[in-house]
Amino acid sequence: MRSTLKRHSDRARHYYAQRRNIVSRAWHYTITHKLRIIAWLIGLFLLLCGAFLLWAATLPLPDLNSLSQIRVDQSVKLYDRTGQVLLYDLSNQDIQRTSVPLSSVSPNIQDAIISIEDPNYYNHGGVEFTAILRALYVDITHAGLAQGGSTLTQQVIKNTVLTSDKSIIRKLKEWILSIKLERVATKDQILELYLNQVPYGGTMYGVEEASETFFGKHASDVSLPEAAYLAAVLPAPSYYSPYGYHKADLDARKNLVLEKMYQHGYITANQEKDAEAAQVVFIPQQANSIQAPHFVFYVQQYLEQKYGEDALQTSGWKVTTTLDANLQAEAESVVKTGALSNATKFNASNAGLIALDPTNGQILSMVGSRNYFDTVIPGAYNITLANRQPGSAFKPFVYAEAFAEGYTPDTILWDVPTQFSTTCAADNFSSVSPCYSPQNYDSKFRGPMTLRDAIAQSINVPSVKLLYLTGVANSLQLAKSMGISTLGDPNQYGLTLVLGGGEVNLLEMTSAYGTFATDGTHYPTTAIIKIEDANGNLIEDDSQPGGTQVLQPQVAEEINDVLSDPVARAPLGENSLVSFPGYDVAVKTGTTNNYRDAWTIGYTPNLVVGIWAGNNDDTPMTHQVSGFIVGPMWHQVMAYALPTRQTDYFTRATIDESGMKPVLRGVWQNPGQDGALHEILYWLNKSDPQGSTPPDTSDSQFSRWETGLQLWIQKNGVPAGATLINNGLPSTTPQTIQQTTPTGQPIQTTQAPMIPIGPGQ
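Right under this line is the structure:
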């Protein structure tokens, strides 16, 4: 037994010894193999480093004299839609630049630019790799944000020596040449180069030229707040231009510059505070050889944001825009003449116009003011991109939502005094806060109205009721899907939204109306057809934009039908301003209650034109409806443009009203059990207008609308063909009005929670 165990033990020891030898040899082989690979990689790395250093050593550094000259490259040229009419040429032959020594540049400018652009300028050796890593981190972790990591030295090299391509090789060259430049030039010499060649947009270079252009003074005389503005413009000269429409963003960035100057010890806290509060005056922009300037700078800003400032100055691209040069010239003339006339007649000093092709979203005309170079209003401000209240021009979005939910153009709502705020008595028709009882433009009430007549005649009370029926959130969402991006959370609006309680801009409003014109397909606005490089290669092609169906065709057809219905508009009187024999034209006007904004937007299936009039500073006009203020201008432009467009007609909606509730199909003498007159909430549930859900008698507006209707009848009499409950007149106390359900049961009125109304009518 012991002998057998010993044999097994010897065999096991032998087996495990062999295993250890095999593992040892394998481990030795693996380590040796890994060491060889590591040695090979180190050798390759050293070889590449040597090659890189050899390549870096061969890069020539231009002398300082050559660095002081602006690089001459081909710049972007903007053309109209035909590709033949030159709108603007960023040709370097027209460079505006005045070089000055560093001693002639105010320390305020030097400190401001260093603080915001390169705070560690006097400590790095040309490249600051920590800033590069920080910029990469921000770019990766904050989608949509871009963080620069270039030093002032790198920007000098980039703007004077290298091309504008984005390759890694070009960036490596930039780093190497920046380090070399720091070794052969002093910090003051490099800073002087930078300050004399930094681009300020278009053909303007250097702080001296910018100081004279913006403030009419030399760079040596610039004040602290003025210097902060000069530094604030630099990241995006088109976007932050003091003559553009992002002045609020420029002011905010100017304050950021001052904050950085304080943080880095260049100014005191009191200096920062005083400079933030100081009022800086920019001298008027001078005219030059440019056509459609508001449109041109709109396109330029798009190019700058998408491709960078370098591309605008060096790419040599040909940009074929969507602009119709002939229509633009006519529109500019009409707007200028009309606005100057309105300034005298209606105290409306400015106007703006947008014309679009709704079938593709292309901007055919953009007139941002009565005259871009006007020094009074000022004209460079692009009012077509400014947020203003649209008045009744917003109503079609609410009516479209109503049609989508099952209401029809024949649906009846009562135009009678109505108190919507549940904090006020139902018979108190005041709009003094917290009450809200809207008036119509003529202070009259018309009784039962179809939705067709209500929107065609721009009657307010039925429109407010309709917004309540559809819901603020639903109507707001529809407007957003049609291209309105400026409206916020539904909770910040009340029922005044339908009367223009939100803020929108003319470009987006005109585009949204274009969605109706195309039977519910929305095309985002575009200003560019194509971009070609110097060799004719396509950089960007927007000639066939895609659209999105955001509205049912049936709904759009119903809107087009009611807005182009001359019979429905007839009670307003014969109006030749909205009539174009031989053309199918839909139109809607809007005037804010405070008379600060007047709108007219109209369209055919292949053209939409919107006009706004008012004052840039938001002061009110005289009390006139928009038709008198902007109607003549709108008609003149439409009359010019229509013959140049293909003539099409709207598809007329066909509505199957069989089986609908009488109130939805226009029967206002509702055949209830008592034969009496009631508001729409008596006959249907607003969450299910065409369904079988019973009316909600506890709805916060149920008794209020009934009260308004009965009191109006008490004052004006019973319309022909209708009878009152018990043939009697109600008391002025809402709770004493006899009310029954459609089945004849008494209604118990209750005080419901307050509904949000909103800031003003």
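Counting in the working numbering, the final residue of the sequence shown is number 1357, and the numbers go up one at a time with none missing.
Every residue gets a Cβ at the ideal spot worked out from N, C-alpha and C, and that includes glycine.
What you are looking at is a predicted structure, and each value in this text was computed from that prediction instead of being measured.
Determine, using beta carbons only, whether residue i and residue j come nearer to each other than 9 Å.
i, j, result
"L1238", "V1158", "no"
"M962", "L1009", "no"
"S834", "F893", "yes"
"L1203", "R1241", "yes"
"A827", "S711", "yes"
"T1092", "E1104", "no"
"P1201", "D1244", "yes"
"P986", "I1051", "no"
"E713", "Q680", "no"
"L1305", "H1274", "yes"
"T1082", "E1099", "yes"
"G934", "S1107", "no"
"V1060", "F1041", "no"
"K769", "G722", "no"
"N1212", "A982", "yes"
"L695", "G797", "Residue 695 is actually Ser in this sequence, not Leu. Their beta carbons are not under 9 Å apart, which means S695 does not touch G797 by this criterion."
"I1225", "V931", "no"
"N1101", "E997", "no"
From residue i to residue j, what distance separates their C-alpha atoms?
i, j, result
"L852", "V1174", "49 Å"
"C1020", "N1087", "21 Å"
"V701", "P821", "15 Å"
"A1272", "Q1265", "8 Å"
"V794", "P1228", "46 Å"
"P1005", "D1049", "8 Å"
"L1325", "F990", "Residue placement at L1325 is poorly supported in this model, since its pLDDT is 30, which falls under 50; the coordinates still yield a value, given next. Looking at the two C-alpha atoms, the distance is approximately 37 Å."
"P951", "T1196", "According to the sequence shown, residue 951 is Ala rather than Pro. Going from the Cα of A951 to the Cα of T1196 covers about 12 Å."
"Q909", "G1116", "40 Å"
"H1118", "G904", "29 Å"
"I1309", "A1022", "15 Å"
"F999", "E900", "42 Å"
"V1163", "G1186", "20 Å"
"T1319", "Q1145", "Because the pLDDT of T1319 is 41, which lies under 50, any placement of that residue in the model is unreliable, and the number read from its coordinates should be weighed accordingly. Spanning the two alpha carbons is a distance of roughly 46 Å."
"Y858", "A865", "7 Å"
"T809", "S837", "12 Å"
"V1205", "H1231", "10 Å"
"T1250", "Y1003", "14 Å"
"N1281", "Q924", "50 Å"
"A873", "K813", "21 Å"
"S937", "H842", "28 Å"
"K1311", "S1172", "35 Å"
"N1190", "H1219", "8 Å"
"V994", "V895", "32 Å"
"E1302", "Y898", "53 Å"
"A781", "L748", "13 Å"
"T1007", "D1038", "23 Å"
"G1132", "D906", "19 Å"
Would you please state the rounded distance, in angstroms, between the beta carbons of residue i and residue j? I believe it to be under 8 Å.
i, j, result
"R1192", "D1161", "Incorrect: roughly 29 Å between the Cβ atoms, too far for contact."
"G1097", "Y1109", "Actually they do not touch by this definition, with Cβ atoms about 19 Å apart."
"G948", "I979", "4 Å"
"F891", "A1123", "7 Å"
"N1036", "V1057", "7 Å"
Using alpha carbons as the reference points, say which of the options lies closest to residue i.
i, options, result
"Y684", "N983, Y839, W913, L1083", "W913"
"Q1297", "Q901, K932, L1063, P1149", "L1063"
"N719", "A1130, V752, S1017, K783", "K783"
"S746", "R779, K856, P831, S819", "P831"
"A976", "Y839, I950, N1312", "Y839"
"V672", "V1146, T1289, E1128", "E1128"
"A1420", "L674, L698, N1312, A874", "Given that the chain is displayed from residue 597 to residue 1357, the structure contains no residue 1420 and the question cannot be resolved."
"A824", "I775, Y790, V876, S774", "V876"
"R677", "Y1037, W1230, T1250, L960", "L960"
"N922", "E804, L698, V1233", "V1233"
"S1033", "V931, L1095, Y995", "L1095"
"L1065", "Q1286, Y717, S774", "Q1286"
"N755", "I786, R779, S807, K869", "I786"
"F811", "V780, G802, I879, T749", "I879"
"T1018", "S695, S1299, T694, I633", "S1299"
"T971", "Q881, S929, E1001", "Q881"
"E804", "R849, P697, G1313, L773", "P697"
"L791", "R1261, A806, A996", "A806"
Validate contact between the stretch 697-711 and the stretch 918-931 using beta carbons, cut 8 Å, 3 pairs: no
Touching by the beta-carbon criterion (3+ pairs, under 8 Å), the stretch 1071-1083 and the stretch 1027-1045: no
Contact between the stretch 936-944 and the stretch 1140-1155 (3+ Cβ pairs under 8 Å): no
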